[in-house]
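Novice:
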Amino acid sequence: MGTVDPEGEAARKAALNSEDYVRLGHADPGHRRPGEMYWTYHQKKIEAAGYMLRPRYHEDWKCSQPPWNLPRSWFEVWQITRISPLVIDATRMTDGKQVMLKRTSDADTGEELNISRLFSSEEYRRNPKNHCIPLIESKRLEESQATLLVIPRMRPYNNPRFRTFGEVVAFATQIIEGIEFMHGLHIAHRDCTGQNIVVDPSGMYPNSFHPVKMNRSKNFHWFAKSYTRTQRPPRYYLIDFGLSRYYDPAHGPPLDKAVRGGDKSVPEFRDYPNGPLHNPFSTDIYYLGNMLRKDFINKYYGFEWLEPLVADMCHENPSMRPPIDVVASRFAEVSGALTSWKLRSRLVGRKDSFILGPFRWIRHVYRTTGYIITRTPAVPMPRDEPDSKA
Numbered sequence: 129m130g131t132v133d134p135e136g137e138a139a140r141k142a143a144l145n146s147e148d149y150v151r152l153g154h155a156d157p158g159h160r161r162p163g164e165m166y167w168t169y170h171q172k173k174i175e176a177a178g179y180m181l182r183p184r185y186h187e188d189w190k191c192s193q194p195p196w197n198l199p200r201s202w203f204e205v206w207q208i209t210r211i212s213p214l215v216i217d218a219t220r221m222t223d224g225k226q227v228m229l230k231r232t233s234d235a236d237t238g239e240e241l242n243i244s245r246l247f248s249s250e251e252y253r254r255n256p257k258n259h260c261i262p263l264i265e266s267k268r269l270e271e272s273q274a275t276l277l278v279i280p281r282m283r284p285y286n287n288p289r290f291r292t293f294g295e296v297v298a299f300a301t302q303i304i305e306g307i308e309f310m311h312g313l314h315i316a317h318r319d320c321t322g323q324n325i326v327v328d329p330s331g332m333y334p335n336s337f338h339p340v341k342m343n344r345s346k347n348f349h350w351f352a353k354s355y356t357r358t359q360r361p362p363r364y365y366l367i368d369f370g371l372s373r374y375y376d377p378a379h380g381p382p383l384d385k386a387v388r389g390g391d392k393s394v395p396e397f398r399d400y401p402n403g404p405l406h407n408p409f410s411t412d413i414y415y416l417g418n419m420l421r422k423d424f425i426n427k428y429y430g431f432e433w434l435e436p437l438v439a440d441m442c443h444e445n446p447s448m449r450p451p452i453d454v455v456a457s458r459f460a461e462v463s464g465a466l467t468s469w470k471l472r473s474r475l476v477g478r479k480d481s482f483i484l485g486p487f488r489w490i491r492h493v494y495r496t497t498g499y500i501i502t503r504t505p506a507v508p509m510p511r512d513e514p515d516s517k518a
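Anchor point for the sequence shown: position 245 equals 373 in this note's numbering, and the numbering is continuous, going up by one each time.
Structure representation (structure tokens):
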């Protein structure tokens, strides 16, 4: 074995203490991944700020190999937050509220933090069309070049899967409302793709769930108790305002340079990064339409009624795309024409198993009969107000 190089060891510790460690990809003998090391290093500071990370991210944590060579996925200690190295799950120590922490650098914090605070302000947070994720608070960590944004813990909008056309109508109605709310404040999201849409799981999962293996209970011992979207209508939210911007209407039509989000198929971005200026509000319309096309029209049978609207939303020429208020009006018209039978019909995926199909159909009929008897609405819209900042 070679001798320890003091300067090299000092450099290693300095890298561990910096945000560069995440990008450099150093291995850690405790089996933590590079993207986890920032959270481990700041765990005590985060705890002092009132939020507790899972034991995996504590400095003194050591992970042993699973017994009898069992799969690591069976054990909670091996569950890694995979959303992004910039995001991690946590628990608020004062009341046990499940939250997510998002790390933002000084260079990026200002605009995102200001926009998040605006949406969560007393003036707007109770607006029923406000589907922007509420900001609980922001925390500046000592000796760190980052601010933590604290938001409620959510689930991906399509987890669990949609079961009926009515559930999809409720989802699309809310997200269109959310974009309409943002555009009404002259703010373009600029990355409103499916990965930046979530669902509030508090009704569907009354006892919560594990933040990584979401079908498991919070303590990882059992399957999480859950209800369908029709039984417990959820609210959907737009998240991640890191690319969002306010455009002063007094300065004329909004034009901006291309900033590519999660969807790289936007027609006006084909010459990125040297293309002409574009209207970011029209790009939002494309993002939303393409999400509906990829995640519903192309994935399930029976969405022919939505195709004309989506085709216009994804028009090659941005100036030919309808504004969000027209999208909202047209969607209300086409979805309002659907019969109750259609709205309660089961979604059949284009890649679903033919073997499991009959069993799913029988279960769907049994469940739907109960909905009809109890007069449960076919379009499950939430009745409660948007979540508060608390």
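Built from N, CA and C at the ideal position, the CB exists for glycine as well. Note that the structure is a prediction, hence the values are computed from the model and not measured.
Where does the unbroken beta strand (DSSP E) through T219 begin, and where does it stop?
Specialist: Mapped onto the sequence shown, residue 219 falls at position 91. 215-220 is the extent of the beta strand (DSSP E) around T219.
Novice: Output the boundary residues of the beta strand (DSSP E) element that contains R458.
Specialist: As a position in the sequence shown, residue 458 is number 330, starting the count at 1. Here R458 belongs to no beta strand (DSSP E); instead the alpha helix (DSSP H) covers 452-464.
Novice: From E164 to S372, what distance separates their C-alpha atoms?
Specialist: In the sequence shown, the residue the question calls residue 164 occupies position 36. In the sequence shown, the residue the question calls residue 372 occupies position 244. Roughly 27 Å separates the two Cα atoms.
Novice: Using DSSP bridges, identify the partner residues of S266.
Specialist: For the purposes of this step, residue 266 is taken as residue 138 along the sequence shown, with counting starting at 1. Note: S266 sits in a beta bridge opposite L277.
Novice: In its own chain, which residues sit with a C-beta less than 7 Å from the C-beta of P395, not counting the 5 before and 5 after it?
Specialist: On the sequence shown, residue 395 is found 267 positions in, with the first residue counted as 1. The answer, listed in chain order, is E444.
Novice: Please report how far the alpha carbon of R511 lies from the alpha carbon of A298, in whole angstroms.
Specialist: Taking the sequence shown and counting its residues from 1, the one referred to as residue 511 is at position 383. Taking the sequence shown and counting its residues from 1, the one referred to as residue 298 is at position 170. Using only the alpha carbons, I get a separation of about 12 Å.
Novice: How far does the alpha helix (DSSP H) with Q302 in it extend, from its first residue to its last?
Specialist: What you label residue 302 is simply residue 174 of the sequence shown in a count that begins at 1. Taken as a continuous stretch (DSSP letters only), the alpha helix (DSSP H) holding Q302 covers 293-312.
Novice: For V215, which residues from the same chain have a beta carbon less than 8 Å from its beta carbon, with the 5 sequence-adjacent residues on both sides left out?
Specialist: Here residue 215 refers to the residue found at position 87 when the sequence shown is read from its first residue. Around V215: T209, M228, L229, K230, R231.
Novice: Counting C-beta neighbours from all protein chains within 10 Å, is the total for D399 16 or more, i.e. buried, or is it exposed?
Specialist: As a working note, residue 399 is residue 271 in the sequence shown. That one is exposed.
Novice: Can you name, in chain order, every residue of its own chain whose Cβ lies under 8 Å from the Cβ of I500, other than the five neighbours on each side?
Specialist: Here residue 500 refers to the residue found at position 372 when the sequence shown is read from its first residue. Excluding residues within five positions, the ones whose Cβ falls inside 8 Å are R472.
Novice: Can the beta-carbon of G331 be found less than 9 Å from the beta-carbon of R360?
Specialist: Residue 331 sits at position 203 when you count from the first residue of the sequence shown. Residue 360 sits at position 232 when you count from the first residue of the sequence shown. Yes.
Novice: Counting pairs of Cβ atoms below 8 Å between the segment 299-313 and the segment 256-263, do you hit three or more?
Specialist: Touching, per the Cβ criterion.
Novice: Can you check whether the CB of L420 is closer than 9 Å to the CB of M441?
Specialist: Counting from one through the sequence shown, the residue named residue 441 turns up at place 313. Counting from one through the sequence shown, the residue named residue 420 turns up at place 292. Yes.
Novice: What does the alpha-carbon distance come out to for the pair S432 and V462?
Specialist: Sequence index remark: in the sequence shown, residue 432 carries index 304 (1-based). Sequence index remark: in the sequence shown, residue 462 carries index 334 (1-based). The question names Ser, yet the displayed sequence has Glu at residue 432. Answer to the nearest angstrom: the Cα atoms are 11 Å apart.
Novice: The beta strand (DSSP E) that contains K230, what's its start and end?
Specialist: Locating residue 230 in the sequence shown gives position 102, where the first residue counts as 1. Per DSSP, K230 belongs to the beta strand (DSSP E) from 226-233.
Novice: If R357 sits next to E295, beta carbons under 8 Å apart, how far is it from one beta carbon to the other, in whole angstroms?
Specialist: For the purposes of this step, residue 357 is taken as the residue at position 229 of the sequence shown. For the purposes of this step, residue 295 is taken as the residue at position 167 of the sequence shown. Sure, about 5 Å apart at Cβ, within 8 Å.
Novice: Scan the segment 307-377 and note each continuous beta strand (DSSP E) run of 3 residues or more that stays entirely inside, going in chain order.
Specialist: As far as the segment 307-377 is concerned, its whole beta strand (DSSP E) runs of at least 3 residues are 325-327, 364-366.
Novice: Starting from the C-beta of P329, find all residues in its chain whose C-beta is less than 6 Å away, skip the five residues before and the five after it, and write them out in chain order.
Specialist: Counted from its first residue, the sequence shown places residue 329 at position 201. R283, listed in sequence order.
Novice: Is it buried or exposed for A218, if we count other Cβ within 10 angstroms and need 16 for buried?
Specialist: By 1-based counting over the sequence shown, the position of residue 218 is 90. A218 comes out buried.
Novice: Apply the 10 Å Cβ neighbour rule to G224 and answer buried if 16 or more other Cβ atoms are within range, or exposed otherwise.
Specialist: Position 96 of the sequence shown, counted from the first residue, corresponds to residue 224. G224 should be labelled exposed.
Novice: From which residue to which residue does the alpha helix (DSSP H) around V493 run?
Specialist: Translated into the one-based positions of the sequence shown, residue 493 becomes position 365. Where V493 is concerned, the enclosing alpha helix (DSSP H) stretches over 485-501.
Novice: Can you tell me the Cα-Cα spacing of L475 and Y428, whole angstroms?
Specialist: Indexing the sequence shown from 1 puts residue 475 at position 347. Indexing the sequence shown from 1 puts residue 428 at position 300. The alpha-carbon atoms of L475 and Y428 are separated by roughly 6 Å.
Novice: Please say whether D480 and K307 have beta carbons closer to each other than 9 Å?
Specialist: For the purposes of this step, residue 307 is taken as the residue at position 179 of the sequence shown. For the purposes of this step, residue 480 is taken as the residue at position 352 of the sequence shown. A quick correction: the sequence has Ile, not Lys, at residue 307. It is not a contact, given that the beta carbons lie outside the stated cut-off.
Novice: Using only CA atoms, which one of D319, N335, W189 lies nearest to L416?
Specialist: Translated into the one-based positions of the sequence shown, residue 416 becomes position 288. It is D319 whose Cα lies nearest to the Cα of L416.
Novice: If I follow the unbroken alpha helix (DSSP H) through S468, where does it start and stop?
Specialist: If you number the sequence shown from 1, residue 468 lands on position 340. Counting along the chain, the alpha helix (DSSP H) containing S468 begins and ends at 468-471.
Novice: Using the Cα positions of H170 and T502, report the straight-line distance between them to the nearest angstrom.
Specialist: Taking the sequence shown and counting its residues from 1, one reaches residue 170 at position 42. Taking the sequence shown and counting its residues from 1, one reaches residue 502 at position 374. Taking the straight line from one Cα to the other gives about 51 Å.
Novice: Could you tell me if S201 is buried or exposed, where buried requires 16 or more neighbouring beta carbons within 10 angstroms of its beta carbon?
Specialist: To locate residue 201, count along the sequence shown from 1; it is residue 73. Label assigned to S201: exposed.
Novice: Which residues in the same chain have their Cβ closer than 6 Å to the Cβ of F348, if we skip the five residues on either side of it in sequence?
Specialist: Here residue 348 refers to the residue found at position 220 when the sequence shown is read from its first residue. E204, H338.
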